[in-house]
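As they're listed, the protein sequences go chains A, B and C.
Read in numbering that gives the first Met the number 0, the first sequence has 96 at position 97, and its numbers run on one by one without any break.
Read in numbering that gives the first Met the number 0, the second sequence has 244 at position 245, and its numbers run on one by one without any break.
Read in numbering that gives the first Met the number 0, the third sequence has 326 at position 327, and its numbers run on one by one without any break.
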Amino acid sequence: MQVSKMKRVYVNEQWCLGCHLCEYNCAFANSGKPDMAVALKGKIIYPRIRVEQDGQITYAVNCRHCTDPICVKSCIAGAISKDADGVVRIDQEKCVGCMTCVLVCPYGAVAPNENGVMQKCELCLQNSCGEPACVKGCPNRAIVYEERG
Amino acid sequence: MGVNDMISTFEVVRNEQRCIQCRVCETQCANLVHYYHPDTGLMMSDESKCVNCQRCVALCPTRALKIMKNRCRMRENANWSQDTILEIYKQADSGAVLLSSMGNPNPLPVYWDRILINASQVTNPPIDPLREPMETRVYLGRKPEQISRKEDGSLDTKLAPQLQLSLPVMFSAMSYGSISYNAHASLARAATELGIYYNTGEGGLHQDFYRYGAHTIIQVASGRFGVHKDYLEAGAAVEIKMGQGAKPGIGGHLPGTKIVGDVSRTRMIPEGTDAISPAPHHDIYSIEDLRQLVYSLKEATEYKKPIIVKVAAVHNIAAIASGIARSGADIIAIDGFRGGTGAAPTRIRDNVGIPIELALAAVDTRLREEGIRNRVSLVVGGSIRSASDVVKAIALGADACYVATAAVLALGCHLCRTCQTGKCNWGIATQRPDLVKRLNPDVGSERLVNLMNAWKHEIKELLGGMGINSIEALRGNRLMLRGVGMTEKELEILGIAHAGE
Amino acid sequence: MKPEGQVRIPSGCAISAMISKNGERMSGEKIIESMKPMHDRSNGLGGGFAAYGIYPEHKDYYALHIFFDSRAARMECETFMNEKLDIAKSERIPTRIIAEITDEPLIWRYFVLPRRFALQNSQLDEREYILRLVMTINTKLDGCFVFSSGKNMGSFKAVGFPEDVGRFYRLEEYEGYCWTAHGRYPTNTPGWWGGAHPFTLLDYSIVHNGEISSYDANRRFIEMFGYKCTLQTDTEVITYIMDYLLRRQGLTLEEAAHVVAAPFWSTISRKDEAAKEQLTYLRTVFPSLLITGPFSIVLGFNGGLMALNDRLKLRSMVVGHKEDLVFIASEEAAIRVMEPDAEDIYAPVGGEPVIVRVKEGAF
């Protein structure tokens, strides 16, 4: 499946404040709970976007939805697919937790959830948020959801 | 710990049921109020450092935070308020002049709120701005006393330089140094998109912003920071800053800690030195000297740019304005006593100057009495808070308004009034790179454009209600205003009738 | 209640005008009749007429029409005028006693010229001299009001319905090449003779229907140039604006129309470069003379008239023709009364002046 034109989540490092709100918004959006405090209070969170930080430089990273995703090729269970809309998705029912995708992803965008099943950013298209929660909640518009050439 | 430190002005109220220890409050507080206590797993706070900027409140994803006025109060005393007492403690500690920021917060009369606007009923139709053209364009600058014609009989259309504004509002002076690079970028981009102007303030113009020159008013103040030939030629107009509403009669002081990197280069002074603007221009000790500076700047800019003279509203403002109008200036900007500042001595900010409404009315009346109102345009600032303030100012006689506090509010400012600390958590009044980056100019300029467009819509609605379809027909149209709850004297100075008359 | 002049009184109105391009003189009969079908546009609190070409035997003299409250006021005024003016003739303006018009003041007319030395000493031109004198009488002398001051023209006005005012002044006995008429519908005044229209200044006369919303902006601007708006009426301020633009600034009628009923910026942007430049200039230089709100006006002057609507055309005004005659009125019915066979009847576009000039030498 070759879909290069699609809206993706991009991060402008210049405006990333390292506030980590994207991580919490992501965890909440994918929690299925109606209230963030209820969803995340006292929990370790497993967000699908991570803020990388080194001194003053901070940068949020999530799935690039590669045109030719190496994770899809590497999955031994056939659990990862690139769909017609360009979104790379993981079928968590099929995932066997071998972590091959984690190893091959050049962006470090795939990681296990609290149960050891792989998860990654699927752009909040299927959850209650309906649009990327990290983008919506970014206080400095450092994370954007747009189509780029 | 001295007596002063025992009383925190604010109280940080954290709802433990809601707090998820995401620590965003901690990362966002430049005052280091919040911290995480690993042993208990709880967020703690040192509220004595809190300035109530609301950054943590705004960013807390679970709305777990509130900043309250500290319930721990000193014994009530109508004469000695707690704020007054704390100021005494502060001065007893430091032996220093008190500093404050932003506009005068004291409960002095806001005349805008005592003026009401007219609307058409029966004898004259209101106009619907959604269906009919409604014009907000104005030109600022000297108008000729007599038209002249070319040989072929057509009008000689050569005019003194004019500023064209799509609506009668401009962003007033805030220097690069007092506010951040990104704040300036936001103002410059918004002014360009809106077809209005922003003002460099006295700190020079950053090289990156020369491209917005067509929408920039460049300022020449008593410190002459950053003034050179290219700078003078870069803007659409040149403003001589004689005074500022928040601190009439004194100069400015930007501490050396803010004179870093590009600020130092733009101001053309060494890094780390304090930028001190003298109280007077040392080449202007009287009105005839002002005339010389006006014409020096006109010569330097080849008479292509209007010269603005900005003064603080003080007691004899009408006479001063008359003098300025005769000095060759094209535009007079008057800044009222509620105007903002990045730092001013508290006593001056809170006690010197007069309200802009009265100053404006007095000046407009005086210039008309002298028959010279047409020689200059009048721009007023000093706490113009809304579209209705703009409409009232125009009806009193202003050509346009300057806004700065409203603009920084649009950029995120929460009026905590501690700009002087340089630790602005909203990335506006700071030079700390980690804080400056909190203001993304994409967001900032968009919000400024939104604000001004919203005001423009409201101005049109108000004009339409009055049966007026151009802002020009509102200028000086004091019959459209009525006062409520004012004394005869106040009404007389404002030149308006009382409601019901 | 404050009397008119100390308070601003909004009013609606009816207007009517007729002019002969050949300069043929017509009696006042038709213009009086034209106001009858528009009776309901007035409320009996003011009516008036202006007539051009009515004093050919004194055409070189300024004809001052003056209301006096009392004989004492007249004596005082005449003493004042005698110092400044040579008075060629003075007389009561003939009126007819009718039941509909009551409480008339003393109504006099004077044919005058400035005293030569007084004029020289004033360093003013003749017209400015007369204008200032009129302003002085109207603002400084109690109980005196000059309501007409042009050469070979005059205005006649009173509290009452216009058709009655016409009969009162025996206008059918006058002959003029141009007539304008006005019926007034003020909203909250007992009516004052001086407040009726037309309002005149030298040979400019204005009849006006509407209530302008720019009034105070216009007033405060024009008062910088020596005019005093003593009546607080739209008509007064519009007259002063026209005098300022036409006489003092030397604008053409079209240019003056483009100041007071300026085309919208969006309209200007569609014009060719030369027009754009001129129109932008006029709007930039005279923004405070833009008149907004509803108005239809007829400006009369020696040798012609100009009719103009506000730029949104918020008031009715129609124009009709018959041979060399041009008719203008708030309603077509009025034109049909003056000339049942009027042709080319149309409603001019808002802001576009209708200018009619009498053939050179025919007035």
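Even glycine gets a Cβ: it sits at the ideal position worked out from N, Cα and C.
Here the structure is a predicted model, which is why all the values come from computation and not from measurement.
Would residue 17(B) and residue 61(B) be called neighbours here (beta carbons separated by less than 8 Å)?
In this structure, residue 61(B) lies closer than 8 Å to residue 17(B) by Cβ.
Report yes or no: do three or more beta-carbon pairs, one from the stretch 39 to 47 of chain A and one from the stretch 14 to 27 of chain A, lie closer than 8 Å?
yes
Cβ of residue 17(A) within 8 Å of any chain B Cβ
yes
Under 8 Å (Cβ pairs) to chain C, residues found in the stretch 133 to 145 of chain B
134, 136, 137, 138, 142, 143, 145
Opposite residue 170(B) in the DSSP bridges: which residues?
402(B)
Are the stretch 73 to 81 of chain B and the stretch 18 to 25 of chain B in contact at 8 Å, needing three or more beta carbon pairs?
no
Quick one: which unbroken beta strand (DSSP E) runs of 3-plus residues sit fully inside the stretch 174 to 229 of chain C? Chain order, please.
177 to 185, 198 to 200, 203 to 209
Decide if the stretch 363 to 370 of chain B is in contact with the stretch 432 to 439 of chain B; the criterion is three or more beta carbon pairs, one per stretch, under 8 Å apart.
No: fewer than three Cβ pairs fall under 8 Å.
Name the DSSP beta bridge partners of residue 297(C), please?
Looking at the DSSP output, residue 297(C) shares a beta bridge with 206(C), 306(C).
Could you tell me whether any Cβ in chain C is nearer than 8 Å to the Cβ of residue 487(B)?
Using a Cβ-Cβ cut-off of 8 Å, residue 487(B) does not count as an interface residue toward chain C, since no Cβ of chain C sits closer than that to its own.
Please compile the residues from chain B whose C-beta is within a distance smaller than 7 Å of the C-beta of residue 203(C).
Per Cβ cutoff of 7 Å: no residues; residue 203(C) is ~19 Å from chain B at best.
How far does the alpha helix (DSSP H) with residue 25(A) in it extend, from its first residue to its last?
20 to 28
Buried or exposed for residue 475(B), going by 16 or more other Cβ atoms inside 10 Å?
buried
So for residue 279(C), helix, strand or coil by DSSP?
helix
Residue 41(C), buried or exposed, once every other Cβ within 10 Å from all chains shown has been counted against 16
buried
According to the Cβ coordinates, are residue 142(A) and residue 118(A) closer than 8 Å?
No, the pair does not count as a contact, with Cβ atoms beyond the cut-off.
Assumed close pair residue 466(B), residue 209(C) - CB separation to whole angstroms, cut-off 8 Å
Residue 466(B) to residue 209(C), Cβ: 10 Å. No contact.
Closer than 7 Å by beta-carbon distance: list the chain B residues that pair up with residue 112(A), in chain order.
Going along chain B, no residue has its Cβ under 7 Å from residue 112(A), so there is no contact; the nearest lies around 18 Å.
Where does residue 287(C) land, buried or exposed, given buried means 16+ other C-beta within 10 angstroms?
buried
For a contact meaning CB atoms closer than 7 Å, what does residue 61(A) contact in chain B?
What residue 61(A) touches in chain B: nothing, since even the nearest Cβ is about 18 Å away.
Please state the DSSP three-state secondary structure of residue 434(B).
helix
Residue range of the beta strand (DSSP E) that residue 35(B) falls in?
33 to 36
Which residues of chain B have a Cβ atom closer than 7 Å to the Cβ of residue 447(C), listed in chain order?
The question about residue 447(C) has no answer here: the residues shown for chain C are numbered 0 through 362.
Is the beta carbon of residue 133(B) sitting closer than 8 Å to the one on residue 488(B)?
no
Rounded C-alpha distance that separates residue 103(A) from residue 110(A):
11 Å
Determine the chain B residues that contact residue 216(C) at a beta-carbon separation under 8 Å, and present them in chain order.
471, 472, 473, 474, 475, 476, listed in chain order.
Burial state of residue 0(B), where buried means 16 or more other Cβ atoms lie within 10 Å:
Legend: pLDDT at residue 0(B) = 46, less than 50; position of this residue unreliable, value from coordinates given subsequently. So residue 0(B) ends up on the exposed side.
Which residues mark the beginning and the end of the beta strand (DSSP E) in which residue 43(B) is found?
First-last of the beta strand (DSSP E) with residue 43(B): 41 to 44.
Under 7 Å Cβ-Cβ, which residues of chain B neighbour residue 117(A)?
Simply none; closest approach about 24 Å.
Pairwise C-alpha distance: residue 322(C) and residue 340(C):
10 Å
Taking residue 284(C) as the query, report the chain B residues whose CB atoms sit under 8 Å from its CB, ordered along the chain.
142, 143, 146, 158
Helix, strand or coil for residue 215(B), going by three-state DSSP, please let me know.
Per DSSP, reduced to three states, the secondary structure at residue 215(B) is strand.
Would you identify the three-state DSSP class for residue 302(B), choosing helix, strand or coil?
coil
Is it buried or exposed for residue 4(A), if we count other Cβ within 10 angstroms and need 16 for buried?
exposed
Below-8 Å beta-carbon distance, residue 37(B) vs any chain A residue:
no
Determine the DSSP secondary structure at residue 158(C), reduced to helix, strand or coil.
It is coil, neither helix nor strand.
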